[in-house]
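Peer 1: Every letter in the sequence shown is one number past the one before it in full-length UniProt numbering, and letter 122, counting from 1, is 122.
Mind looking over this structure? Questions follow.
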Amino acid sequence: SDNSQRFRETCFAFALTPQQVQQISSSMDISGTKCDFTVQVQLRFCLSETSCPQEDHFPPNLCVKVNGKPCSLPGYLPPTKNGVEPKRPSRPINITSLVRLSTTVPNTIVVSWTAEIGRVSTKQNCWEKGWLRTFNESKQLCQN
């Protein structure tokens, strides 16, 4: 294991409101063999800087599990330089298909990533916010 990096993990839970369950359930669109939702539950990551709006930004070696099931992440972009760690395109992650559409059973999300030790950077310890987004609103779930 590389001594210059440390593994971080955080877990949080959330429950859906009756209105959210109804809106998500009624937005189901089954086309052929694929089931999709026009109203989605999205997980977003960004830097924890609060002085200005932040764009989506995935931490290194991101791994997400929703209710114990691995979440599919976007594929890696081609590296721009040799020796540079590949990055994923940062964008909201649709977790709707992994979410329990229930008002009584909570959903759990486990997020793990690596953080560089000893590096002075605005990105240090910055991926500790997650948002659950449904409809046109954002709800902050977790901030360490």
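Using N, Cα and C, we set each Cβ at its ideal position, and we do this for glycine too.
(1) What residues in its chain sit with their C-beta under 6 Å from that of Pro106, if we drop five residues either side in the sequence?
(2) The beta strand (DSSP E) spanning Ser31 covers which residue range?
(3) For Thr17, which residues in the same chain have their Cβ closer than 7 Å to its Cβ, ignoring the five residues on either side in sequence?
(4) If you check the beta carbons only, do Thr38 and Ser26 fall under 7 Å apart?
(5) To which residues of the same chain is Leu101 closer than 8 Å at the C-beta, ignoring the five residues directly before and after it?
(6) Between Arg44 and Pro74, is the Cβ-Cβ spacing less than 7 Å?
(7) Starting from Phe45, trace the beta strand (DSSP E) in both directions and tell me its first and last residue.
(8) Cutting at 7 Å between CB atoms, please list the residues of its own chain near Cys71, excluding the five before and the five after it.
Peer 2: Reading off the structure:
(1) Listed in chain order, the non-local C-beta contacts of Pro106 below 6 Å within the same chain comprise Ala13, Ala15, local neighbours out to five positions each way being set aside.
(2) From DSSP, the beta strand (DSSP E) with Ser31 extends over 28-31.
(3) The beta carbon of Thr17 is closer than 7 Å to those of Thr103 in its chain, skipping five residues each way along the sequence.
(4) Contact: no.
(5) Within the same chain, Leu16, Val21, Ile24, Ser25 come within 8 Å of Leu101 by CB-CB distance, once the 5 residues on both sides are set aside.
(6) No; because the gap between Cβ atoms is not below 7 Å, this pair is not in contact.
(7) According to the DSSP assignment, Phe45 belongs to the beta strand (DSSP E) that extends over 41-45.
(8) Within the same chain, Cβ atoms closer than 7 Å to the Cβ of Cys71 are found at Val64, Lys65, Ile93, Ile95, Leu98, the five residues on either side in sequence being excluded.
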